[in-house]
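Chains as they are written, first to last, in the working numbering: chain A, -13 to 434; chain B, -13 to 434; chain C, -13 to 434; chain D, -13 to 434.
#1: Measure the C-alpha to C-alpha separation of residue 163 of chain A and residue 212 of chain A and round it to an integer number of angstroms.
#2: Any idea if residue 27 of chain B is buried or exposed, counting beta-carbon neighbours within 10 angstroms, 16 or more meaning buried?
#3: Under 7 angstroms, Cβ to Cβ, is there at least one residue of chain C near residue 200 of chain D?
#4: Would a C-beta distance cut-off of 7 angstroms place residue -2 of chain B and residue 424 of chain B closer than the cut-off?
#5: If we define contact as Cβ-Cβ less than 7 angstroms, is residue 44 of chain C a contact residue for chain A?
#6: Suppose you measure from the CA of residue 275 of chain B to the CA of residue 3 of chain A; what does that come to, to the nearest Å?
#7: Would you list the residues sitting across from residue 13 of chain C in a DSSP beta bridge?
#8: Along the region 344 to 356 of chain C, where does the CB come closer than 9 angstroms to a CB of chain B? Name the residues.
#9: Between residue 161 of chain C and chain D, is the shortest Cβ-Cβ distance under 7 angstroms, so that the two count as touching?
#10: So is residue 424 of chain C in contact with chain A if we call contact Cβ pairs under 7 angstroms?
#11: Rounded to the nearest angstrom, what separates residue 134 of chain C and residue 268 of chain C at their Cα positions?
#12: Could you please give the first and the last residue of the uninterrupted alpha helix (DSSP H) stretch that includes residue 430 of chain A?
#13: Per DSSP, what kind of secondary structure is residue 224 of chain B in: helix, strand or coil?
#14: Per the DSSP calculation, residue -4 of chain C is bridged to which residue(s)?
#15: Report the rounded CA-to-CA distance for residue 40 of chain A versus residue 80 of chain A, giving the unit in angstroms.
#16: In whole angstroms, what separates the C-alpha of residue 405 of chain A from that of residue 399 of chain C?
#17: Quick check: what's the CA-CA separation for residue 292 of chain D versus residue 336 of chain A?
#18: My understanding is that residue 280 of chain B touches residue 263 of chain B, with C-beta atoms under 8 angstroms, so please give their C-beta distance in whole angstroms.
#19: For chain B, find out if any of its Cβ atoms is closer than 7 angstroms to the Cβ of residue 180 of chain A; answer yes or no.
#20: Tell me residue 145 of chain C's beta-bridge partners as DSSP assigns them.
#21: List, in order along the chain, the chain D residues whose C-beta lies closer than 8 angstroms to that of residue 399 of chain B?
#22: Could you spell out the range, first to last residue, of the beta strand (DSSP E) harbouring residue 254 of chain D?
#23: How many whole angstroms separate the CB atoms of residue 202 of chain D and residue 372 of chain D, which I take to be in contact at a CB cut-off of 8 angstroms?
#24: Do the CB positions of residue 205 of chain B and residue 159 of chain B come within less than 7 angstroms of each other?
#25: Any beta-carbon of chain B closer than 7 angstroms to the one on residue 445 of chain C?
#26: Mind checking which residues open and close the alpha helix (DSSP H) that includes residue 100 of chain B?
#27: What does residue 94 of chain A reach in chain B if we use C-beta pairs closer than 8 angstroms?
#28: Less than 7 angstroms between CB atoms is the rule here; does residue 416 of chain D satisfy it with respect to chain B?
#29: Do residue 156 of chain C and residue 387 of chain C count as a contact pair if the criterion is CB distance below 7 angstroms?
#30: Using a threshold of 7 angstroms, state whether the C-beta atoms of residue 431 of chain A and residue -10 of chain A are closer than that.
#31: For residue 320 of chain C, decide whether its Cβ has a neighbour in chain B, counting only Cβ atoms nearer than 7 angstroms.
#32: For the beta strand (DSSP E) that contains residue 157 of chain A, what are its first and last residues?
#33: Can you pull the chain B neighbours of residue 427 of chain D, defined as C-beta to C-beta under 8 angstroms?
#34: Touching or not, the region 379 to 397 of chain C and the region 178 to 185 of chain C, by the rule of three or more beta carbon pairs under 8 angstroms?
#35: Less than 8 angstroms between C-beta atoms, sequence neighbours within five positions excluded: which residues of the same chain meet that for residue 150 of chain B?
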């Protein structure tokens, strides 16, 4: 008999500070250690890199893992299923408390290492182990970890299956069932269906977009919309700026490719461009054309912008950080007139990103767009698709895996409510096979 | 010297009952005669076909063309720029008052003839003349009509240019600048730019989506999203229903093609399917595969649905009317359990349409979806893109045509306000070169 | 030791078809049997009075009390806490299945009797017992029912306390903590606090407005806003129409009083006006001035409207049904021009009601208002306050009663989610002392 | 014959930087010189007091009065109709350019003097003249200024009538038709109707709330809701904080009065409390009880908060600035834990203010409320009524004044659109008697 405990450490009452612990008898696997940046944003003058974890816990910015003291067992591994900050951002603050390796896909491990290096308060010495999608790793005699390929808005995202003597616990947080991705492979549907046949004890899955009907549009849709915005115009000579998530490697790849088709030189500007795109290139996830330029420091960026102004805006496609109106990002500095790049009437600013639905971000975006418009910029907003499964994708995943128990995660209680209604349609019953957990709670499942 | 009058007959205070008269000295060209169906919808038990025009005018359902009595001139032509009801729906009620031919593209003329045939109150005897995109027709010695190819959510849509001795008046209502259409050609950008160089006195253009940022996604995007919904699934054997605008021939064409790829027989159900798709096929706008079946009468439809149930839902792709929850449409009857087709848990209903933003429609859709969900259907909503230009498409059109005067049409004052702000960005000045007209008003322009 | 079961029969997944069963060992008290009218509304041509309960259950219109077969115990009483249809509307369909008296406050019992009389399918022969706020009734040796005065948008609303040997179960569904009501007394705060001290095992409470911040405005606020709309004008001579909930006796009382102050004769029009207001008057809940006129039949109503037109609109204040745009109601018939009453430019229509947030109702209201405006009416909307407790009222009730267990009811899972977050702030813990029930579920509580 | 020019200087394209010039032949009266603070807010590190007017004009923060150079005439007076910053905030930047006195009501003149004193860039030496509501002042032989009493969310607000030989031009911007104000008198309806009889050439009026149906609730409603929040509770001993507009003297008056009824000492905290409330008290607009305390400096405020903590929160009612989440305001500092005042679970924060509908403010409020809630505060939001006329108030004003021409002001084109539709209902015709002006435009009216 196996006793499974699902411990909701963070991300069950909110979006962001994700952390789940899965206990198999007395061995524990932690999955994800994320940060909730909007809880940091509401405070002025915060230097996260120097803050203590307890302070960040109190702010609600990172998971309150002090509850782990009451869980009966030993942590054997810390697993990260992709490299976004809401999954790895608290590693540098919390991982050192556990004597356990950190296991993630290759791209994710590279980002985790960056994360740890920039930390100023704690030293994180845990072993970091790369495991590829499709591979397995024995954690204890009884527990094997398997990574299953999936898609999300960052490359090298996986589902994690924790195999126990009584079946698997599957962690599927932050994914889309994209059958026509532009980088990487479609999710491994065959393996998912096989897992369903083998027997899944529990599925822990994100509820973020469970309230949106239908299925998430493929990244191919964003690719084509963006292509149309960039190439389908009668004003091909105007200044154009693209801004998108630096970590969205597939999108960056498309943009660079379109720049080539436009006969423009792609210039990537921003510190995080260097980190995310550079790393993806070094690890071989994407190809970059010879012409591409990447600049991370403020001085290099301003020099590049100066060159663009001198040689002609129509020769370059600058791609930059700042789509959420982050103060200090390149686009914000351009809007403030703080760089050599001057916006002229008719220049285009293309946001290949949504607006994160948070009042702080909305205000920053409003400021940014107002300033850009006052200078004459034309705005193309939301040339983007979501990286999170919609309701019917969840429906399909649920029916492939056929788990005995389902636990929505990564969201507010309102988001979980949407998931619950879908799962009830699929035959699950709240309080019996379907569970609404709150941060700090442990769900017990006994299996033969 | 030429005196131009732009008479806002209908569609300047609202969406729907579009009618504009363009007076060139004492000759008048009427463009569009549309109906506003939501003004009919708010009344119960209305039989439009038997109603008198004055009654419909009083209801606000059709343009109040009694104001034409005060316009100094003679109507020389009635032009319809595409075949939607908000452009041709009042022809049968109003056209007989004018001794003038009705001029439209071939597909539009076919629809106008249907319209006139179903009329029960008036006899419309006007001559109906087909003019293709790219062609011109001399209306009077001084006035030549030109049709310029464009794209919209119905095939054979055109811009109309009224050439006068002093330059052209361009009517660009209901269009999208789609560079990758799935049926027909992209708008004739070269001709538009040429017109701009020749001199455009006035542009009358729709403001419908002037408030939406960026550009309208191409029909190709809808095509690919729909393909992904239909073909990209691990549950390929469930019942699937598609519902879309019968008049959206490009969309219908995609659906029929996807059915083939799915190995399913496409079955088109609904009276308007027969009319719109049948006509498009007969006129050679689309190809249909041998396998396709189309049924218009209630008995034929129910027989077809019975056959589908007997032979297996997985062998057919029924495509039907009813996406707005219209009472009596095929999908509504299925939701009510009034047909042999039974929805089972997991069957999919795909709305390849938006919800028309009107409380009556929203209520009908809510009823429909509620009933479908209670039967176990999974809903895929809004697998669709708009047929109306967004703000930046308007920006480009304005800069191609460089009209002296701009008049937003086809919308509420709020929609016009959005257009006005964009046009001001482009250098136009309200009350001088940019005009906000209200129904019943005439704008005078004197040209050398 | 007492075993308490809280059985969520209806109204836990939705608004409307409320029914809760409280089991005390093997004795059961049913509280409320309501109907969900919007589930009826989505179907055309439904005659509820002749429908069978199983059909209505299948439509989701009344509670699915077939689950009561699996509850171990005998029903000893059916209690209704006020007279709205979502609390009493299913009595005529379900009560006859139980050999138990129906217990309610005097006004509520009168409405229940009306309800039973209009039923055409079932004969309901249960004994009907009136119990006043502040009174108690022994149900079994171990169970005593107590009614505690509260406020809501209908008079004679109570909280029900089920006293058991181990403490009380309190049912507080549909209430507001109104300290300045215009009819009746403020809630009995002293008794509530006393109950808190005596010990409350469980509180079952509505979550309807738990998501709205602050406290519900008092009925006095509606009273004064309405007074200002009616009396505070420089156009005192125009036609004025008021429409409100016929069952909102306090509001009706204010309106009649304002009519007097305006020097106008109040004329109450509509069948439900007769029922609700007439009953309240007969039972002595309100006084009516001599001048008041009430008409219920279509013929009487039309005659009254004719008289108003003849004698002068400025002499009368017609008060009528139809605020939700119900087809066939008096105001709707006026808007359609089907009565002798003619709306003229500047006449006022005052909606002393909110719009029920349901697409069907919103469409009806839209139709109604559009027609009224086309005739020249000026609309005063939402001269109204809610009858449901807001978040901070719930906070106060929770801290007065200090229940061991809390169960939100009367709402969707989204509404319950709002309540849950508030209750967590107050120290309750989901799954332990705070419970999210779904229709059909029983919660077990064991008490010493 | 008189030629009237209405020059839209600012506030016709936006909310905030209001300025209108009224030319009577060659004499000009300027009305209002306001600032648009949200255009300042989107920039960091802006010190308005030291900025040059041209810079502020370029930011869109103050009216672009450079267009006055092209108006043919001399400015004879600068009139301010109330003391809010969107009416007087640009006085210190622009007034010195005109050799003309500044005329305003007594309270407004006091605020204007404060404004001028805090200016660091320009010296404003214009004569400042106080004129009371009900009084008139001859400006030139042909022009007389009259102030007519009205109500708004600040005391001593007036309508301005500019009497010319051909009739009056009435400026009615920022008002409500409050018949039960809590401080001051109701608007002077008799004089307004008399003006209508005498003949009004043009009405310039705010469109801010023209889109909201019905009438603005009276300040008495806010008074009573606030009273209920403060006094109607079973938790009378908890900490309570009220925050409201310091300039809303009527509201402040109510709060102070309620503090007395609660047996708490009212403590007014914040620099602007000192300015606005202190001035109102000195000028005799309100009475303050002996017990009241007012502190403006940070040190005094913190000392007062310390005393409150020491002596018991239940003995004081602190009333403070910060309702919009302004960084650095008292409430924000409390939320940040920067003052001696500690929020405990159950303490109440009452926002007697709306949230200004601007993303910057919404973000600040979100931050503020999040922090307050994390500390355990219970939030009562929007215990408030608007100070701006709703649609039907505009309807009544229009019918009292019967102006020949109407010009909506103080709003975006969308707000004006709402006004226009109302005015069309009242018989006005756009482009003829109803005018949509844009900043920088002059409307010419010739009168016999």
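For every residue, glycine included, the Cβ atom is placed at its ideal position computed from N, Cα and C.
Straight from the coordinates:
#1: Against the first chain, residue 163 of chain A aligns to sequence position 177. Against the first chain, residue 212 of chain A aligns to sequence position 226. Straight-line Cα distance between these residues: approximately 21 angstroms.
#2: Here residue 27 of chain B corresponds to residue number 41 of the second chain, with the count starting at 1. So residue 27 of chain B counts as buried.
#3: The residue labelled residue 200 of chain D in the question sits at position 214 within the fourth chain. Residue 200 of chain D counts as touching chain C.
#4: Counting from one through the second chain, the residue named residue -2 of chain B turns up at place 12. Counting from one through the second chain, the residue named residue 424 of chain B turns up at place 438. Going by C-beta atoms, residue -2 of chain B is nearer than 7 angstroms to residue 424 of chain B.
#5: As a first step, residue 44 of chain C is located in the third chain; it is residue number 58 there, counting from the start. Residue 44 of chain C does not count as touching chain A.
#6: Taking the second chain and counting its residues from 1, the one referred to as residue 275 of chain B is at position 289. Taking the first chain and counting its residues from 1, the one referred to as residue 3 of chain A is at position 17. Answer to the nearest angstrom: the Cα atoms are 53 angstroms apart.
#7: Your numbering for residue 13 of chain C matches position 27 in the third chain. Answer by DSSP bridge pairing, in chain order: C/10 and C/60.
#8: 344, 345, 346, 347, 348, 349, 350, 351, 352, 353, 354 and 356
#9: For the purposes of this step, residue 161 of chain C is taken as the residue at position 175 of the third chain. By this cut-off, residue 161 of chain C is not an interface position.
#10: Here residue 424 of chain C is taken as the residue at index 438 of the third chain, counted from 1. It does: the Cβ of residue 424 of chain C has a partner Cβ on chain A nearer than 7 angstroms.
#11: As a first step, residue 134 of chain C must be located in the third chain, where it is residue number 148. As a first step, residue 268 of chain C must be located in the third chain, where it is residue number 282. Whole-angstrom Cα-Cα distance: 23 angstroms.
#12: Indexing the first chain from 1 puts residue 430 of chain A at position 444. Where residue 430 of chain A is concerned, there is no enclosing alpha helix (DSSP H), although the beta strand (DSSP E) it sits in stretches over 428 to 433.
#13: Within the second chain, numbered from 1, the residue matching residue 224 of chain B stands at position 238. Reduced to three states, the DSSP call for residue 224 of chain B is coil.
#14: To locate residue -4 of chain C, count along the third chain from 1; it is residue 10. Residue -4 of chain C pairs with C/5.
#15: Residue numbering aside, residue 40 of chain A sits at position 54 when the first chain is read from its first letter. Residue numbering aside, residue 80 of chain A sits at position 94 when the first chain is read from its first letter. If I take the Cα positions, the gap works out to 10 angstroms.
#16: As a working mapping, residue 405 of chain A is identified with position 419 in the first chain. As a working mapping, residue 399 of chain C is identified with position 413 in the third chain. The alpha-carbon atoms of residue 405 of chain A and residue 399 of chain C are separated by roughly 11 angstroms.
#17: Along the fourth chain, one-based indexing puts residue 292 of chain D at 306. Along the first chain, one-based indexing puts residue 336 of chain A at 350. Cα to Cα, the separation comes out at about 51 angstroms.
#18: Along the second chain, read from residue 1 onward, the residue named residue 280 of chain B stands at position 294. Along the second chain, read from residue 1 onward, the residue named residue 263 of chain B stands at position 277. Rounded, the Cβ-Cβ distance is 7 angstroms, consistent with contact.
#19: Residue mapping note: residue 180 of chain A aligns to position 194 of the first chain, counting from 1. With 7 angstroms as the cut-off, residue 180 of chain A does not count as an interface residue toward chain B.
#20: Along the third chain, one-based indexing puts residue 145 of chain C at 159. The partner list for residue 145 of chain C (beta bridge, DSSP) reads C/134.
#21: Translated into the one-based positions of the second chain, residue 399 of chain B becomes position 413. Simply 403, 406 and 407.
#22: Within the fourth chain, residue 254 of chain D is the residue found at index 268, counting from 1. It spans 251 to 255 - the beta strand (DSSP E) in which residue 254 of chain D sits, taken as one unbroken run.
#23: Position 216 of the fourth chain, counting from 1, holds the residue named residue 202 of chain D. Position 386 of the fourth chain, counting from 1, holds the residue named residue 372 of chain D. About 5 angstroms separates the two Cβ atoms, so the contact holds.
#24: In the second chain, counting from the first residue as 1, residue 205 of chain B sits at position 219. In the second chain, counting from the first residue as 1, residue 159 of chain B sits at position 173. Going by C-beta atoms, residue 205 of chain B is not nearer than 7 angstroms to residue 159 of chain B.
#25: Here chain C has residues from -13 to 434 only, and residue 445 of chain C is not among them.
#26: As a working mapping, residue 100 of chain B is identified with position 114 in the second chain. Element bounds for residue 100 of chain B: 92 to 104.
#27: Start at 1 with the first residue of the first chain, and residue 94 of chain A comes out as number 108. Per Cβ cutoff of 8 angstroms: no residues; residue 94 of chain A is ~26 angstroms from chain B at best.
#28: Against the fourth chain, residue 416 of chain D aligns to sequence position 430. Closer than 7 angstroms to some Cβ of chain B, the Cβ of residue 416 of chain D qualifies, so yes.
#29: Position 401 of the third chain, counting from 1, holds the residue named residue 387 of chain C. Position 170 of the third chain, counting from 1, holds the residue named residue 156 of chain C. A contact, by the Cβ cut-off of 7 angstroms.
#30: Along the first chain, read from residue 1 onward, the residue named residue 431 of chain A stands at position 445. Along the first chain, read from residue 1 onward, the residue named residue -10 of chain A stands at position 4. Yes, the pair counts as a contact, with Cβ atoms nearer than the cut-off.
#31: Mapped onto the third chain, residue 320 of chain C falls at position 334. It does not; no Cβ of chain B falls within 7 angstroms.
#32: Position 171 of the first chain, counted from the first residue, corresponds to residue 157 of chain A. Looking at the DSSP string, the run of the beta strand (DSSP E) that includes residue 157 of chain A is 153 to 158.
#33: Within the fourth chain, residue 427 of chain D is the residue found at index 441, counting from 1. Per Cβ cutoff of 8 angstroms: 416 and 417.
#34: yes
#35: Residue 150 of chain B sits at position 164 when you count from the first residue of the second chain. So the list reads -12, -10, 10, 128, 129, 187 and 433, once near-sequence residues are dropped.
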